[in-house]
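To start, the structure itself, in structure tokens.
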Amino acid sequence: MTGQPRSIIVLGASGLIGRYVTDDLRARGFHVIGIARQFSPAQKMSALDLELPVMAMDAAALAQLLRTHEVGVVVNCLGVLQDGPGSDTGAVHRDFVSRLIETIRASGRAIRLVHISIPGAAGEDRTAFSTTKREAERLIAASGIAHAILRPGFVVAPSAYGGSAMLRALAALPVELPAGEAATPFQPVAVEDIAATIAWLAARDIADDSVRAVSWDLMQPQPISLGGVIAQFRRSFGTSKHLRIASPSFLIDLGARLGDLSTYLGWMPPLRSTAIAELRRGVTGDPAAWMAATGIVPKAIAEAIGSRPAAIQDKWFARLFLIKALIFISLVLFWVVSGFIALVISYDAAAGILRAHNFPPALVGPVTVVTSLMDISIGVLIAFRRTAAFGLVAGIIASLGYMVGSAILTPDLWIEPLGALVKTGPAIVLMLVALLTLDNR
Numbered sequence: 063m064t065g066q067p068r069s070i071i072v073l074g075a076s077g078l079i080g081r082y083v084t085d086d087l088r089a090r091g092f093h094v095i096g097i098a099r100q101f102s103p104a105q106k107m108s109a110l111d112l113e114l115p116v117m118a119m120d121a122a123a124l125a126q127l128l129r130t131h132e133v134g135v136v137v138n139c140l141g142v143l144q145d146g147p148g149s150d151t152g153a154v155h156r157d158f159v160s161r162l163i164e165t166i167r168a169s170g171r172a173i174r175l176v177h178i179s180i181p182g183a184a185g186e187d188r189t190a191f192s193t194t195k196r197e198a199e200r201l202i203a204a205s206g207i208a209h210a211i212l213r214p215g216f217v218v219a220p221s222a223y224g225g226s227a228m229l230r231a232l233a234a235l236p237v238e239l240p241a242g243e244a245a246t247p248f249q250p251v252a253v254e255d256i257a258a259t260i261a262w263l264a265a266r267d268i269a270d271d272s273v274r275a276v277s278w279d280l281m282q283p284q285p286i287s288l289g290g291v292i293a294q295f296r297r298s299f300g301t302s303k304h305l306r307i308a309s310p311s312f313l314i315d316l317g318a319r320l321g322d323l324s325t326y327l328g329w330m331p332p333l334r335s336t337a338i339a340e341l342r343r344g345v346t347g348d349p350a351a352w353m354a355a356t357g358i359v360p361k362a363i364a365e366a367i368g369s370r371p372a373a374i375q376d377k378w379f380a381r382l383f384l385i386k387a388l389i390f391i392s393l394v395l396f397w398v399v400s401g402f403i404a405l406v407i408s409y410d411a412a413a414g415i416l417r418a419h420n421f422p423p424a425l426v427g428p429v430t431v432v433t434s435l436m437d438i439s440i441g442v443l444i445a446f447r448r449t450a451a452f453g454l455v456a457g458i459i460a461s462l463g464y465m466v467g468s469a470i471l472t473p474d475l476w477i478e479p480l481g482a483l484v485k486t487g488p489a490i491v492l493m494l495v496a497l498l499t500l501d502n503r
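For the sequence shown, the positions run 63 to 503 when this note's numbering is used.
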């Protein structure tokens, strides 16, 4: 073992693995630069967390980055689940790695590349996600640079994004996976063990032939199924004995298709066709070589989850995670459908309410049309991820405006039998809930 390298760069430092590894390495005394396209305000805790358009950087720009920070280790945690608007698996997993290899080779510096990949055999790859990940592995193995390809299993971490959050939600809600999916092999790994492995590699001399070029599966050696992982989360949440309803496979497939469609609106839900394909493939590997080389004894799933019992914030998050999608869908439908009904189906009735309350005749038509189009616009704004926050705020303001305006102009509507205006209050609360749960990280 030699002195620690002067700098470590973690690419993708805002993700589940990248964020934990960045913080862990700093706590161990390493000088770490965390790089991501964007950090949430809560994540950006250090001046060494840099927001950079890494995917748009060519080899020359990457070389300058490595020189500026005198880098000795590059940890690549970048990854995207599925092709779609703004997401290109080939560009992220293969093309960027190719530029990164070129940069390291041409730098003239002794740099080790630690690359986070996926477990499993290449012959089982069926998605663009897995095939491009495997192409990156082959490029790295053939490059001749010092490298470590790490293939973690299902990652258990204090934070929860994407698939990790989805499994927590399944454990907290009264839902049971179909037997086939529940029996899928699913070997987990604690994120602490991934971080410990990277720290172990970072402290090694790059000239040490025993670790100059390694590929390791990182996961607990004990076999376990997807159902077993969810069962462990249930024990943590205290929901093991709750009654559950079996979910048929076709509903999972339908949810995945709807998740794929939502990407065109800017959303990135965990339930998408690639995620389901990878879930049904399973997570398996052989951690023996990793354990023998590093001496790390990986935490078993019971230890990884059971070491920190679920607190109330964990339970609330898990219960709301999948319900969040229903909240947004219902709000979009609420605004779009109500506006459409008033504009097209029941225009005369909507205009009649204004006429019955002595509204100026010249304004009846324009006000009916404008308010209906406004409602539809609010629904459309909420539907798109980029404008959802604006749409929710606009919806709250519009609802308050309707309530105040009606109290002044048509107070009798507050006591009509169906209570339409009274129900606006709960709708405002639901929009507040949606606004408060909009963040993903």
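Every residue gets a Cβ at the ideal spot worked out from N, C-alpha and C, and that includes glycine. These numbers were taken from a predicted model, which means no experiment stands behind them.
Can you tell me whether V251 is helix, strand or coil according to DSSP? strand
Residue from V176, A104, S76 whose Cα sits closest to the Cα of E199: V176
Given V438, which residues of its chain have a CB within under 6 Å of its CB, disregarding the five upstream and five downstream residues? Looking at the sequence shown, residue 438 is not Val but Ile. For I438, where only same-chain residues beyond five positions count, the Cβ hits under 6 Å are V398, G401.
Ignoring anything shorter than 4 residues or poking outside the stretch 220-302, list the alpha helix (DSSP H) runs there in chain order. 224-234, 241-244, 253-264, 288-299
Tell me, which residues are paired with S311 by DSSP? None, per the DSSP bridge assignment.
Tell me, to the nearest whole angstrom, how far the beta carbon of A343 is from that of E186; I am working on the premise that it is less than 8 Å. Note on residue identity: the sequence assigns Arg, not Ala, to residue 343. Their Cβ separation, rounded to whole angstroms, is 6 Å, which keeps R343 and E186 in contact under 8 Å.
Limits of the unbroken beta strand (DSSP E) element including A174: Reading the sequence as shown, one finds Arg at residue 174 and not Ala. Start and end: 174-178.
Beta-bridge pairing of D85 - partner residues as DSSP gives them: Paired residues: none, contrary to the question.
Whole-angstrom Cβ separation of I71 and V136, contact assumed at under 8 Å? 5 Å
Inter-stretch contact (C-beta, 8 Å, three-pair minimum) for the stretch 259-266 and the stretch 329-338: no
According to DSSP, which residues form a beta bridge with G487? BP columns for G487 are empty, so no partner.
Would you give the residue range spanned by the alpha helix (DSSP H) that G427 belongs to? 423-445
Cβ atoms of L127 and M119: under 9 Å apart, would you say? yes
Nearest-angstrom beta carbon gap, S102 and R503 [assumed within contact, 8 Å]: 5 Å
Could you compute how far the alpha carbon of L239 sits from the alpha carbon of L443? 34 Å
Give me the Cα-Cα distance between I338 and V133, rounded to the nearest whole angstrom. 38 Å
In terms of residues, what are the limits of the alpha helix (DSSP H) holding A210? Element bounds for A210: not the alpha helix (DSSP H) but the beta strand (DSSP E), 209-214.
Beta strand (DSSP E) segment containing D111, residue limits: 111-113
Can you tell me which of A172, F92, I403, V455 puts its alpha carbon nearest to the alpha carbon of L435? I403
Would you call L454 buried or exposed, if buried means 16 or more other Cβ atoms sit within 10 Å of its Cβ? buried
T64 burial status per 10 Å Cβ neighbour count (16 or more: buried): Because T64 sits at a pLDDT of 48, beneath the cut-off of 50, its placement in the model cannot be relied upon, and the following sentence gives the value as read from the coordinates. Flag for T64 reads exposed.
Along the alpha helix (DSSP H) that carries G401, what are the first and last residues, could you check? 374-402
With 16 other Cβ atoms within 10 Å as the buried cut-off, status of L341: buried
Using a Cβ-Cβ cutoff of less than 7 Å, which residues in the same chain neighbour R381 once the five nearest sequence positions on both sides are dropped? A234, L235
Along the chain, where does the alpha helix (DSSP H) containing A166 start, and where does it finish? A small fix is needed here, since residue 166 is Ile in this sequence, not Ala. Element bounds for I166: 158-169.
Which residue or residues does DSSP assign as beta-bridge partners of A98? E113
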